[in-house]
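Chains as they are written, first to last, in this note's numbering: chain A, 1 to 113; chain B, 114 to 228.
This is how it looks when you write it as structure tokens:
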């Protein structure tokens, strides 16, 4: 069974700090990786995708991928109280035909003002 | 564009009643999905449709049926609701599993309570 693991948190960081969210996956053949943000009572919202090893930056967000270690992370710089949400990691395996994304259970982030 | 829309937003059912959750997308996406989300369980895939005319079971299909009515619409039916089906249901879509575009976009959800 392909699995995606995340620490459930809560991860508490002070306003202005860097929040680091981590995700590991079991299928070494995974090729596509996504981060979603979900505010309480709302639906998941796509914030980042990454396909190659290394870093990908988008504004205050940086996704980092290390396929050898089967590890993907999301860094949020200058964290704001509005970043408080649950962050879901999602992974798609290579060669799995029409298999949809596999989601982790999410890490709850709390940014303290 | 409205993106992915779901109806209803809220629903209360009695055990044994049936209902259909509706989902539509206006992004010309080929693939559509139904998830349920329960506290501590994360998102669990119920059914998905890789393309118009096809449907496949996900992780938790028991007690549900789906219909891919056309390219835009994908409905989820509960034939005989049970309290264990109390959950938040999300519909999602993606451009196409067969086209290498896997980003999924979610609807606002339906909050279902079965008493």
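Note that the Cβ used here is the ideal one computed from N, Cα and C, for glycine as well.
Through-space distance from residue j to residue i, alpha-carbon basis
i	j	result
residue 130 (chain B)	residue 123 (chain B)	15 Å
residue 81 (chain A)	residue 109 (chain A)	10 Å
residue 80 (chain B)	residue 18 (chain A)	What is shown of chain B runs 114 to 228, which leaves residue 80 (chain B) out entirely.
residue 183 (chain B)	residue 169 (chain B)	16 Å
residue 55 (chain A)	residue 89 (chain A)	16 Å
residue 68 (chain A)	residue 118 (chain B)	39 Å
residue 106 (chain A)	residue 6 (chain A)	6 Å
residue 65 (chain A)	residue 217 (chain B)	20 Å
residue 148 (chain B)	residue 158 (chain B)	4 Å
residue 155 (chain B)	residue 104 (chain A)	7 Å
residue 21 (chain A)	residue 150 (chain B)	21 Å
Cβ-based neighbour list, residue i, same chain, cut-off 7 Å, excluding 5 preceding and 5 following
i	result
residue 227 (chain B)	126, 128, 194, 195, 196, 198, 199
residue 2 (chain A)	26, 27, 93, 102
Cβ-based neighbour list, residue i, same chain, cut-off 6 Å, excluding 5 preceding and 5 following
i	result
residue 71 (chain A)	24
residue 222 (chain B)	201, 203
Residue-level contact to chain B via CB, residue i, 8 Å cutoff
i	result
residue 104 (chain A)	yes
residue 28 (chain A)	no
residue 61 (chain A)	no
residue 21 (chain A)	no
residue 37 (chain A)	no
residue 44 (chain A)	yes
residue 49 (chain A)	yes
residue 32 (chain A)	yes
residue 101 (chain A)	yes
residue 108 (chain A)	no
Beta strand (DSSP E) segment containing residue i, residue limits
i	result
residue 146 (chain B)	144-151
residue 58 (chain A)	54-58
residue 90 (chain A)	85-93
residue 120 (chain B)	117-120
residue 155 (chain B)	155-162
Proximity test, residue i beta-carbon vs the ligand ZN heavy atom, cut-off 7 Å
i	result
residue 161 (chain B)	Although the ligand ZN was asked about, the structure shown includes no ligands whatsoever.
Min CB distance residue i to chain A below 8 Å
i	result
residue 182 (chain B)	no
residue 216 (chain B)	yes
residue 134 (chain B)	no
residue 202 (chain B)	no
residue 156 (chain B)	yes
residue 116 (chain B)	no
residue 220 (chain B)	yes
residue 160 (chain B)	no
Close-in-space but distant-in-sequence residues of the same chain around residue i (CB under 8 Å, 5 per side omitted)
i	result
residue 15 (chain A)	79, 80, 81, 111, 112, 113
May I have a chain-ordered list of the alpha helix (DSSP H) segments no shorter than 4 residues that lie completely inside the stretch 178-212 of chain B? Segments of the alpha helix (DSSP H) lying fully in the stretch 178-212 of chain B: there are none.
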